[in-house]
Amino acid sequence: MIPGIAPKTAAAVPVAWAPQPRHMFVFGAGFVGRYVSERLLAQGWQVSGTCTSVNKKRELEMLGMNASVFDATESSLENIHNLRQATHLLISIPPIPGIGDPLLNLGEDLRRTLSHGNLEWLCYLSSTSVYGDCGGVLVDEDHTVNPKSESAKLRYNAEKGWLNLIDDLNLSAFIFRLGGIYGPGRSALDTLAKGKFLSQRQKLRESKQYTARIHVADIYQAVLASMCIRCARKIFNVVDDDPAPRAEVFAFARSLIQRRYPDLITEIIDANSTGLDYQEIIIPAEKRVSNARMKQELGINLLHPTYRSGLQSIIDAWQIQSQLPNISQ
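Residues in the sequence shown are numbered consecutively from 1, following full-length UniProt numbering.
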């Protein structure tokens with residue numbers, strides 16, 4: 001029996017500034033969107049959102065969400081009846097190569113829908129990749145943005161598009177530049193415990209000296225905190241205090257597993273055995289990302305300031321879950 005699935009109960013983060021329950025709409029209820037949704041539901045919010053399949057729709061509805069299957073490249077906003085009733089909007093749909101941000105491509109339909117609704121707050125989840133390669137220097141939100149990879153360029157274009165969209169709307173709007181996201185069910189621990197091979201890009205990124213990351217629980221903290229300030233348009237780096245190399249994180253994860261579950265990992269995961277093609281070039285993107293603005297202006301006290309705290313909390317949860325029935329890989 002392998003532990004490591006995420007808990008189904010939504011424990012609220014103990015923050016004094018949690019806003020009064022309203023109506024959150026989540027475009028893209030994936031890992032982050034679902035985590036936020038579960039906890040807002042537990043606080044009495046009405047939560048609606050989109051997903052990409054009927055099966056995921058059923059899962060979200062079982063949590064208490066009003067869910068819609070939605071493909072922004074094909075679907076119409078008119079079919080999402082809950083959007084106009086939403087007071088808060090979280091956008092967690094990544095850009096698509098060759099298309100860009102699929103929601104922004106809806107143009108005037110999107111602007112009209114948002115302007116004629118009850119919207120008060122909007123947050124677009126972006127990535128620290130927009131900074132590009134900075135030679136390892138510490139970068140804050142005022143640092144020159146210089147995306148190099150195609151995905152980073154699309155992210156930055158999406159940031160500009162959402163900020164332009166809300167220029168005429170009377171609401172608080174935020175861009176969160178997230179580090180690498182991890183949490184229960186999605187971490188170095190889970191990769192090792194489930195015997196997954198590192199992907200080609202994951203293995204190649206192990207040579208990086210710095211890697212920004214953030215635990216999903218701290219993303220949720222930042223979401224809640226931003227709801228409590230009035231701000232026309234603001235960008236925040238949402239990262240932890242320790243941009244440690246990926247190899248260091250996996251080494252620590254392995255040590256945690258071997259200490260608690262010595263028989264769980266039977267052999268070292270070797271990317272060479274997967275037949276990977278190392279001709280792919282990873283564009284350098286060395287930087288240390290500052291979270292000072294997030295701490296100062298949002299008042300965030302990180303639950304997991306380093307990967308060590310975050311991974312420890314995940315494996316501690318495994319011990320609790322392993323005593324429950326029907327826990328599978």
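Yeah, the Cβ is synthetic: ideal placement off N, Cα and C, and Gly gets one too.
Just so you know, these numbers come straight off a predicted model, no measurement behind them.
Helix, strand or coil at residue i [DSSP, three-state]
i: V137; result: coil
i: Y182; result: strand
i: R22; result: coil
i: F176; result: strand
i: S151; result: helix
i: Q279; result: Residue confidence is low: Q279 scores 39 on pLDDT, short of 50, so the model does not pin down where it sits. No coordinate-derived value is stated.
i: D263; result: coil
i: S309; result: helix
i: Q296; result: helix
i: V54; result: helix
i: T191; result: helix
i: G161; result: helix
i: E59; result: helix
i: A72; result: coil
Assigned exposure category for residue i - 16 Cβ within 10 Å defines buried
i: P243; result: buried
i: R259; result: exposed
i: G107; result: exposed
i: R230; result: exposed
i: R58; result: exposed
i: residue 335; result: Outside the modelled stretch of the chain, which goes from 1 to 329, sits residue 335, for which no answer is possible.
i: T144; result: exposed
i: residue 333; result: The chain is shown from 1 up to 329; residue 333 falls before or after that span and cannot be answered.
i: N118; result: exposed
i: Q20; result: exposed
i: H81; result: exposed
i: P262; result: exposed
i: residue 344; result: In the structure as shown, the chain starts at 1 and stops at 329, and residue 344 therefore has no counterpart that could be examined.
Closest by C-alpha distance to residue i, when choosing among the options
i: C51; options: R233, S226, P97, D71; result: D71
i: I93; options: V239, K153, C231, Y124; result: Y124
i: L83; options: S187, D101, R111, P97; result: R111
i: D142; options: K234, V32, K295, G44; result: K234
i: T113; options: V249, D240, I166; result: I166
i: D140; options: Q296, N118, W318; result: Q296
i: D241; options: H81, S290, W121, L104; result: S290
i: K148; options: N170, K160, Y131; result: Y131
i: P245; options: E286, A232, L256; result: E286
i: P305; options: A42, V239, G44, S151; result: V239
i: P97; options: R155, A225, A86, F236; result: R155
i: I219; options: Q43, F236, A232; result: F236
i: S172; options: M227, G310, G179, K160; result: M227
For residue i: DSSP bridge partner residues
i: R112; result: Paired residue(s): none; R112 is not in a bridge.
i: G49; result: V26, A67
i: V36; result: According to DSSP, which records beta bridges pairwise, V36 is partnered with nothing at all.
i: R288; result: L138
Check: residue i C-beta below 7 Å from any heavy atom of the ligand FAD
i: D167; result: The ligand FAD is not part of this structure, which contains no ligands at all.
Test: residue i CB closer than 8 Å to a CB of chain D
i: I265; result: In the structure shown, chain D cannot be found, because there is only a single protein chain.
Inside the stretch 196-261 only - beta strand (DSSP E) runs reaching at least 3 residues
Runs of the beta strand (DSSP E) inside the stretch 196-261: 213-215, 234-238.
4 or more residues per run - each alpha helix (DSSP H) lying fully within the stretch 78-131
Taking only runs of at least 4 residues, the alpha helix (DSSP H) segments lying wholly in the stretch 78-131 are 108-115.
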